[in-house]
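J.: One structure coming up, written as structure tokens, with questions to follow.
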Amino acid sequence: IQIKAEESKRFLKYLKPGDRLILLDEHGMEYSSVKLANKMESWLNHSGRLVFFIGGPYGFSAEIYQKADFKLSLSKLTFPHQLIRIFFLEQLYRIFSIMNNESYHHE
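Sequence positions in the sequence shown follow the working numbering and run 55 to 161.
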């Protein structure tokens, strides 16, 4: 609990009013790449920054959950957060390729 509280304190100082906080959380909603691209497009149409937060090994504090606008799951499997960074970056690339009708994503 102490670790989660310290992580929260360090993280929350970077949030600005109007930010949309999206947690990458194993209990979040799962989407296909195309549906996530649609969701991302709707998020981008609102003002403010999109802030994605990958939790540490003990998850998020209650305070972070309360401030979150959305919880997104990339998989029900458990991965080290270092791997999730790579997976998520690839998905962001894929999402923007889909949004721009580029040929990276095949369906």
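A virtual CB, placed ideally from N, CA and C, is assigned to each residue, including glycine.
1) Out of 147, 128 and 62, state which residue places its alpha-carbon closest to the alpha-carbon of residue 118.
2) Over what stretch of residues does the alpha helix (DSSP H) that includes residue 150 continue unbroken?
3) Would you kindly work out how many angstroms separate the C-alpha atoms of residue 149 and residue 88, rounded to a whole number?
4) Specify the secondary structure class of residue 114 as computed by DSSP and reduced to three states.
5) Span of the beta strand (DSSP E) holding residue 130?
6) With three or more beta-carbon pairs closer than 8 Å as the criterion, would you say the segment 94 to 110 touches the segment 66 to 80?
7) Quick check: the Cα distance between residue 140 and residue 55, rounded to an integer number of angstroms?
8) Taking residue 80 as part of the beta strand (DSSP E), name the residues at either end of that continuous run.
9) What does a CB cutoff of less than 7 Å around residue 97 pick up in its chain, not counting 5 residues either side in sequence?
10) With burial defined as no fewer than 16 other Cβ atoms inside 10 Å of the residue's Cβ, what is the status of residue 91: buried or exposed?
T.: This is what the structure holds:
1) Minimum Cα distance to residue 118 is reached at 62.
2) Run containing residue 150: 135 to 153, per the alpha helix (DSSP H) assignment.
3) Within the model, the alpha-carbon separation for residue 149 versus residue 88 is close to 7 Å.
4) Coil, per DSSP.
5) Here residue 130 belongs to no beta strand (DSSP E), and DSSP marks it neither H nor E.
6) Touching, yes.
7) Residue 55 has its alpha-carbon roughly 27 Å from the corresponding atom of residue 140.
8) Counting along the chain, the beta strand (DSSP E) containing residue 80 begins and ends at 74 to 83.
9) The residues are 74 and 104.
10) Residue 91 should be labelled buried.
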